[in-house]
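A.B. asks: Take a look at the following structure, please.
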Amino acid sequence: MASQIQELPPQSQTTKDGYFDGGAGDADIILRSSDNVEFHTHRILLSLASSVFRDMFTLPQNSAMKPDAEATQHIIPMAETSSTLRHFLTWCDPGTEFNCDKWADITDILELTDKYHAAALQDMIKKVIISGGWIWTNPLSVYAIAIRYRFCDLARLAAKSSLQLCLADFYSVPEMDRISAIDFHDLLRYHYNCSKQAIGATADLSWMLPGAKELFKQHGGTPNGGGAHPFGGHSGFGIWPSFDIEASNCCSPHNRSRHPRAEDLGIVTWLDDHLTLAGQLLFNQPTGKTVEKLNLLSPETWKPYQQAAACPTCRLTWRYSISRFNAELSAEVEKRIEKVPFGFAQVPQVR
Numbered sequence: 454m455a456s457q458i459q460e461l462p463p464q465s466q467t468t469k470d471g472y473f474d475g476g477a478g479d480a481d482i483i484l485r486s487s488d489n490v491e492f493h494t495h496r497i498l499l500s501l502a503s504s505v506f507r508d509m510f511t512l513p514q515n516s517a518m519k520p521d522a523e524a525t526q527h528i529i530p531m532a533e534t535s536s537t538l539r540h541f542l543t544w545c546d547p548g549t550e551f552n553c554d555k556w557a558d559i560t561d562i563l564e565l566t567d568k569y570h571a572a573a574l575q576d577m578i579k580k581v582i583i584s585g586g587w588i589w590t591n592p593l594s595v596y597a598i599a600i601r602y603r604f605c606d607l608a609r610l611a612a613k614s615s616l617q618l619c620l621a622d623f624y625s626v627p628e629m630d631r632i633s634a635i636d637f638h639d640l641l642r643y644h645y646n647c648s649k650q651a652i653g654a655t656a657d658l659s660w661m662l663p664g665a666k667e668l669f670k671q672h673g674g675t676p677n678g679g680g681a682h683p684f685g686g687h688s689g690f691g692i693w694p695s696f697d698i699e700a701s702n703c704c705s706p707h708n709r710s711r712h713p714r715a716e717d718l719g720i721v722t723w724l725d726d727h728l729t730l731a732g733q734l735l736f737n738q739p740t741g742k743t744v745e746k747l748n749l750l751s752p753e754t755w756k757p758y759q760q761a762a763a764c765p766t767c768r769l770t771w772r773y774s775i776s777r778f779n780a781e782l783s784a785e786v787e788k789r790i791e792k793v794p795f796g797f798a799q800v801p802q803v804r
């Protein structure tokens with residue numbers, strides 16, 4: 454860490470940064486990177502951004518300095534590279550627009566903000582992490598960073614984003630080396646608790662709207678010669694063709710005997726199969742988007758939908774019914790996991 458300001462003669466092997474080159478002539482301090490690139494900047498900007506720099510500039514040893522001295526340059530030798538230092542100074546300068554499209558740059562800048570106690574810059578970086586999409590594309594790295602720097606709100610957002618990953622697919626990221634096993638266990642426990650809540654939505658259908666329940670109510674046969682559309686109105690053929698209820702895959706006694714949950718809930722058996730599959734998927738990825746993926750299934754790829762398409766009662770409405778059901782189930786899953794608490798087992802510390 455830079456601990457003092459040195460008065461060093463100009464060095465021919467150093468170069469000026471392309472942006473922080475002192476062209477305006479009003480720079481009053483120079484930061485020299487580890488690879489000998491000089492950054493001409495202003496003490497006031499560094500002081501406002503960093504309490505370390507602010508204290509450094511008020512040390513008694515600096516009181517006799519002459520910023521306008523022609524024979525010497527007031528230089529702070531830095532341990533950071535020019536690339537990292539350029540990003541840091543860009544954050545400090547309100548007159549520049551910061552663009553960062555590399556995750557490695559984000560982590561390097563966070564190192565500096567912590568080293569030089571630049572809390573305001575950390576708040577800005579958190580917003581960039583979210584707006585840059587890293588929280589969705591790289592949730593485990595963001596989680597580890599958030600734990601390390603005590604960004605509690607960001608840690609929860611990253612933990613929720615990690616629900617899109619199966620536990621078996623949790624991959625190792627370099628940032629994980631800087632958090633404890635307890636911190637990682639908190640993430641796994643949160644994933645497991647969300648899985649339990651999400652699966653619960655497939656076992657208890659009390660959350661369904663009354664109109665939606667009617668779409669999946671067990672149905673019986675109609676007298677030979679036809680019958681009314683079970684959901685009101687007409688099927689498009691005027692009346693339903695006659696059919697034998699015993700041959701219906703949805704509600705024949707033989708099929709119901711293999712679906713006790715369908716019998717208990719009073720729903721068609723193919724929805725019971727749908728709930729079973731949804732529960733299996735939600736155990737691995739407990740998010741509303743997981744449910745939305747079920748809309749991609751078709752009778753050609755999944756047998757329960759073949760039953761729905763073949764049933765004389767369900768065949769004209771099952772696609773609409775299941776699409777509406779998936780939308781409501783997705784919303785219910787999101788509502789439930791939003792209530793799952795996420796807290797730290799201990800106050801996280803920078804490691």
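Heads up, the sequence shown is in my numbering, so the first residue is 454 and it goes up one at a time.
Here a beta-carbon is modelled for each residue, glycine too, at the ideal position from N, C-alpha and C.
Just so it is clear, the structure is predicted and the values come from calculations on it, not from any experiment.
Quick check on the DSSP output: the alpha helix (DSSP H) that includes Glu781 runs from which residue to which?
C.D. replies: That run of the alpha helix (DSSP H) goes 771-791.
A.B. asks: When you compare each of Leu607, Tyr643, Glu491, Ala572 to Ala790 by their alpha carbons, which one comes out closest?
C.D. replies: The question names Ala, yet the displayed sequence has Ile at residue 790. Of Leu607, Tyr643, Glu491, Ala572, the residue nearest in Cα terms is Tyr643.
A.B. asks: Looking at the unbroken alpha helix (DSSP H) that takes in Ile720, where does it start and where does it end?
C.D. replies: Run containing Ile720: none; DSSP gives neither H nor E here.
A.B. asks: Checking 8 Å against the spacing of the C-beta atoms, do Gln650 and Val744 come in under that value?
C.D. replies: No, the pair does not count as a contact, with Cβ atoms beyond the cut-off.
A.B. asks: So what does DSSP say about Leu484, is it helix, strand or coil?
C.D. replies: It is a strand residue.
A.B. asks: Whole angstroms are fine: how far does the CA of Ala611 sit from the CA of His527?
C.D. replies: So the two alpha carbons sit approximately 43 Å from each other.
A.B. asks: Ends of the alpha helix (DSSP H) at His644?
C.D. replies: Unbroken alpha helix (DSSP H) run through His644: 634-656.
A.B. asks: Any C-beta of chain B sitting closer than 8 Å to the C-beta of Tyr602?
C.D. replies: Absent from the structure is chain B; it holds one protein chain and no more.
A.B. asks: DSSP three-state call for Pro794: helix, strand or coil?
C.D. replies: If DSSP states are grouped into helix, strand and coil, Pro794 belongs with coil.
A.B. asks: In whole angstroms, what is the alpha-carbon distance linking Asp554 and Ser487?
C.D. replies: Using only the alpha carbons, I get a separation of about 23 Å.
A.B. asks: With Leu538 and Leu499 assumed to form a contact (beta carbons below 8 Å), what rounded beta-carbon distance in angstroms separates them?
C.D. replies: Not really, about 11 Å apart at Cβ, beyond 8 Å.
A.B. asks: Look at the alpha carbon of Ser584 and the alpha carbon of Pro765, and state the distance between them as a whole number of angstroms.
C.D. replies: Going by the C-alpha atoms only, they are around 50 Å apart.
A.B. asks: So what does DSSP say about Thr743, is it helix, strand or coil?
C.D. replies: Reduced to three states, the DSSP call for Thr743 is helix.
A.B. asks: In whole angstroms, what is the alpha-carbon distance linking Thr566 and Glu753?
C.D. replies: Cα-Cα distance, rounded: 56 Å.
A.B. asks: When you compare only the Cα positions, how much space is there between Cys545 and Val626?
C.D. replies: Computed Cα separation, rounded: 29 Å.
A.B. asks: Going by other Cβ atoms of all chains shown within 10 Å of its Cβ, with 16 needed for buried, is Thr590 buried or exposed?
C.D. replies: So Thr590 ends up on the exposed side.
A.B. asks: Measuring alpha carbon to alpha carbon, tell me which of Arg609, Phe623, Pro757, Leu616 ends up nearest Leu730.
C.D. replies: Of the listed residues, the one whose Cα sits closest to Leu730 is Pro757.
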